[in-house]
Amino acid sequence: MNATLTKPPPAMPNTAGFNPVQKEYLSGILAGLAARQTAPFVGLSGGLYTSEPGGGANLAEEKDEPSFHGTPVSELCRQEVWKYTEHGLDGWERLVAHAKEGKMPDDEHTFRFRFFGLFNVSPVQQSLMLRCRIPAGELTAVQLRGLAEMTDQFADGTSAITTRSNIQLRQIQPRDALDVLMRLSSLGLTSRGSGVDNVRNITASPTAGIDPQELLDTRPFAHALHHLILNSRDLFDLPRKFNVSFEGGGIIDTVADTNDIGFMAVSVPAECQGVKLQDGSAVTVPRGVYFRVELAGITGHRQLASDCGLLVRPEDSVALTAAMLRVFSEHGDRTDRKKARLKYLIDKWGTEKFLAETQAKLAFPLVIAGVEHCAPRPAAVKHAHLGLRVQRQPEMNWLGVVVPVGLLTSAQMRAIATLAERHGSGTLRLTPWQNLIIPDVPDAEVTALQKGIEAAGLHWRSSQVMGGLVACTGSRGCKYAAADTKGDAIRTGQWLEERLQLDQPVNIHFTGCPHSCAQHYVGDLGLQAVKVDRDGVSVDGYHIVAGGGTGTESGIARPVRNGVAAAEVPQVLEEILRKWQQVRLPNESFCAFTRRHTTEELLNLFAS
Numbered sequence: 000m001n002a003t004l005t006k007p008p009p010a011m012p013n014t015a016g017f018n019p020v021q022k023e024y025l026s027g028i029l030a031g032l033a034a035r036q037t038a039p040f041v042g043l044s045g046g047l048y049t050s051e052p053g054g055g056a057n058l059a060e061e062k063d064e065p066s067f068h069g070t071p072v073s074e075l076c077r078q079e080v081w082k083y084t085e086h087g088l089d090g091w092e093r094l095v096a097h098a099k100e101g102k103m104p105d106d107e108h109t110f111r112f113r114f115f116g117l118f119n120v121s122p123v124q125q126s127l128m129l130r131c132r133i134p135a136g137e138l139t140a141v142q143l144r145g146l147a148e149m150t151d152q153f154a155d156g157t158s159a160i161t162t163r164s165n166i167q168l169r170q171i172q173p174r175d176a177l178d179v180l181m182r183l184s185s186l187g188l189t190s191r192g193s194g195v196d197n198v199r200n201i202t203a204s205p206t207a208g209i210d211p212q213e214l215l216d217t218r219p220f221a222h223a224l225h226h227l228i229l230n231s232r233d234l235f236d237l238p239r240k241f242n243v244s245f246e247g248g249g250i251i252d253t254v255a256d257t258n259d260i261g262f263m264a265v266s267v268p269a270e271c272q273g274v275k276l277q278d279g280s281a282v283t284v285p286r287g288v289y290f291r292v293e294l295a296g297i298t299g300h301r302q303l304a305s306d307c308g309l310l311v312r313p314e315d316s317v318a319l320t321a322a323m324l325r326v327f328s329e330h331g332d333r334t335d336r337k338k339a340r341l342k343y344l345i346d347k348w349g350t351e352k353f354l355a356e357t358q359a360k361l362a363f364p365l366v367i368a369g370v371e372h373c374a375p376r377p378a379a380v381k382h383a384h385l386g387l388r389v390q391r392q393p394e395m396n397w398l399g400v401v402v403p404v405g406l407l408t409s410a411q412m413r414a415i416a417t418l419a420e421r422h423g424s425g426t427l428r429l430t431p432w433q434n435l436i437i438p439d440v441p442d443a444e445v446t447a448l449q450k451g452i453e454a455a456g457l458h459w460r461s462s463q464v465m466g467g468l469v470a471c472t473g474s475r476g477c478k479y480a481a482a483d484t485k486g487d488a489i490r491t492g493q494w495l496e497e498r499l500q501l502d503q504p505v506n507i508h509f510t511g512c513p514h515s516c517a518q519h520y521v522g523d524l525g526l527q528a529v530k531v532d533r534d535g536v537s538v539d540g541y542h543i544v545a546g547g548g549t550g551t552e553s554g555i556a557r558p559v560r561n562g563v564a565a566a567e568v569p570q571v572l573e574e575i576l577r578k579w580q581q582v583r584l585p586n587e588s589f590c591a592f593t594r595r596h597t598t599e600e601l602l603n604l605f606a607s
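Structure (structure tokens):
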């Protein structure tokens, strides 16, 4: 259990080195603390998952100047100062007051309300956005129908499936914020911690438990981590956001290598003797299924997660994650938001030190094992998230439904919920490809389900372009975006499908800004929105990169065209894909084609 501790008012630090603005800012904060006569939040781990019962406590010993997580208050960025004065989860009464007044939040409250999953998206839309948490992307038909009712009553009548396998609702008014959160809770869902400095929705293989190819059903671990986070107050106080994914070796790529921690299921086919522990001693590893651990993916910074050498029993994965999160919380940068992700802590320390600090928090030894002890991982199948597939359960199937750039109307949500109940088990799976899967469909029900999907204005047949089309919110609903990414993506997809006959699938990602929420650097073709000049007029446009991928195609895309106006994008991408078809090797994928060319060669090949 966590507590707020009473202590004497904090002393004013020596401010000789501060500028006038910093002095005023710090003086106000410390005055507020003195008035409250309380210390900032102290997170306690309780010792359940670590070998150090107090491992989550973060306040340093008293010095001349107060500190937070070991950083002097004067050096904290403003978001960390806000957390220093009041923990993010303690803002409920602030939310109540804003709802009562129907007031949009200022910068500080915009930050605070994201701890509850509510985002201020003004000035693009004078409203709030709700982001759910749906661990492992598992949703019931009842929950989907309830979300449809919420979007009709409180939002704009649509929802969006995200690249973290969850759902967002938009255009919520501040006066409705509390009703939205309480209604979400009544559905057995939550949005707590879905924004800012928290662990985001835990993703897992979308066909876990039903995939004939998989090595391991990852859902239990994703759900266990989800509930650990929800019940561990100190894990809501990270330096920046944190992504975790569990990949079970199934047919659908979970994009786990874009995460801060990616757990990749592997098979160890034979007993391995003399395998090293983190402390240098040796053990024997029995044959079986384990996770290999990849660390520090952050695609907006052009980095995919890399194998850190750990071989972990699946049942230890949640405790390992908790330990890594606490190391990150205690030592991550709280002075510069641009350097506050896990990548930068590992860059500073090196992987070996990070693992040593993690080991100090665990009651079991970490095993370091080379990939040579593991069988090759089963390869995912591109666009296997669409169409009809046979399950591991006899006479059962799943149907992957195309949801263009993740957008669903409330009527479509209700129709899908009814179809899942009528022809399946009443459950659904959301995927990081912004679509959904209806599982547990008996052979006799397949045709009726397919017709029902088409009647709802959607389709289920895999397509080489639309099946891999991913887009962030874009300028319709995000102030950072430089273009209407969803609209441009759909127009481009339709253009390409009308004019090209591709014999292999491609993934095309449209992202609105350098934050890369749509992960454009891992697309076969990735587009980042920018403003470009056309005859002295600033218009929407894109920089284009090519050759990215995840899983067995893991790699960061390289630039091939800059400053392409949005209106020109469909034709430019058509030219690029035609060039690939004309000069490639027999049956060569777009990814393989780009990988055997230098950046200079690609620039020449795809030049206008």
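Each residue of the sequence shown is one higher than the one before, counting from 0 in numbering that gives the first Met the number 0. Positions of the beta carbon are idealized from the N, C-alpha and C atoms, including for glycine. Computed from a predicted structure; not experimentally measured.
State the DSSP-derived secondary structure class of Glu600, mapped to helix, strand or coil.
Of the three classes helix, strand and coil, the one that applies to Glu600 here is helix, per DSSP.
Taking the straight line between their C-alpha atoms, what separation do you get for Leu143 and Pro375?
Each residue's Cα considered, the two are about 37 Å apart.
Distance, Cα to Cα, Thr161 vs Thr430?
Rounded to whole angstroms, Thr161 to Thr430 spans 8 Å at the Cα level.
His542 and Leu524: beta carbons closer than 9 Å?
Not closer than 9 Å, so no.
Starting from Phe509, follow the alpha helix (DSSP H) in both directions and report where the run begins and ends.
First-last for Phe509: Ile507 to Thr510, but that is the beta strand (DSSP E), not the alpha helix (DSSP H).
Got a sec, what are the start and stop residues for the beta strand (DSSP E) Arg232 sits in?
No beta strand (DSSP E) contains Arg232, which DSSP labels as neither H nor E.
Going by beta carbon distance, what residues of the same chain come within less than 7 Å of Lys102, once the five residues before and after it are set aside?
Closer than 7 Å at the Cβ level, and outside the excluded window around Lys102, lie Pro173.
How many whole angstroms separate the CB atoms of Pro238 and Ser328, which I take to be in contact at a CB cut-off of 8 Å?
7 Å between Cβ atoms; contact.
Give every residue of the same chain whose Cβ lies closer than 7 Å to the Cβ of Val292, excluding the five residues on either side of it in the sequence, and list them in chain order.
Ile260, Phe262, Cys307, Leu309 and Val311.
In three-state DSSP terms, what is Lys625?
Missing from the structure shown is residue 625; the chain here goes from 0 to 607 and no further.
Give every residue of the same chain whose Cβ lies closer than 6 Å to the Cβ of Leu186, excluding the five residues on either side of it in the sequence, and list them in chain order.
Result list for Leu186: Gln142 and Gly145, in chain order.
Apart from the five residues just before and just after Arg93, which ones in its own chain have a Cβ nearer than 7 Å to its Cβ?
So the list reads His108 and Arg111, once near-sequence residues are dropped.
With DSSP as the reference, identify every bridge partner of His542, one or two as the case may be.
Paired residues: Gln527.
Would you report the Cα separation of Asn396 and Val440, rounded to the nearest angstrom?
Those two C-alpha atoms are separated by around 5 Å.
Which residues does DSSP list as the beta-bridge partners of Lys275?
DSSP, once it has assigned bridges, lists Ala281 and Ile367 as partnering Lys275.
Give the DSSP bridge partners of Gln167, in chain order.
DSSP output for Gln167 lists Arg130 and Ala159 as bridge partner(s).
Give me, in chain order, the residues of the same chain whose beta-carbon lies closer than 6 Å to that of Asp346; leave out the 5 immediate sequence neighbours on both sides.
Result list for Asp346: empty, nothing under 6 Å.
Helix or strand or just coil, what does DSSP make of Thr417?
Three-state result, Thr417: helix.
When you compare each of Ala96, Arg333, Pro122 and Val254 to Ser66 by their alpha carbons, which one comes out closest?
Closest option to Ser66, Cα to Cα, is Arg333.
Going by alpha carbons, who is nearest to Ala362 out of Gly386, Ala98 and Leu319?
It is Leu319 whose Cα lies nearest to the Cα of Ala362.
Does the beta-carbon of Asn586 have 16 or more other beta-carbons within 10 angstroms, so that it is buried, or is it exposed?
It counts as exposed.
Short check: CB of Pro438 to CB of Ser424, under 9 Å?
A contact, by the Cβ cut-off of 9 Å.
My understanding is that Ala221 touches Leu427, with C-beta atoms under 8 Å, so please give their C-beta distance in whole angstroms.
Contact doesn't hold; Cβ gap of about 16 Å is too wide.
Would you mind reading off the limits of the alpha helix (DSSP H) that contains Ala147?
Where Ala147 is concerned, the enclosing alpha helix (DSSP H) stretches over Ala140 to Phe153.
Are there three or more Cβ pairs, one per stretch, closer than 8 Å when the region 497-505 is compared with the region 573-582?
Yes, the region 497-505 is in contact with the region 573-582.
Taking the beta strand (DSSP E) that Tyr289 belongs to, which residues open and close that run?
Its beta strand (DSSP E) spans residues Gly287 to Leu294.
Run through DSSP, which three-state label would Ile575 get?
Three-state result, Ile575: helix.
Excluding the five sequence neighbours on either side, which residues of its own chain have a C-beta within less than 7 Å of the C-beta of Arg595, listed in chain order?
Cβ neighbours of Arg595 beyond the five flanking positions: none.
Gly486 lies in the alpha helix (DSSP H); which residues open and close that run?
Taken as a continuous stretch (DSSP letters only), the alpha helix (DSSP H) holding Gly486 covers Thr484 to Arg498.
What would DSSP say about Ser424, mapped onto helix, strand or coil?
Three-state DSSP puts Ser424 in coil, outside helix and strand.
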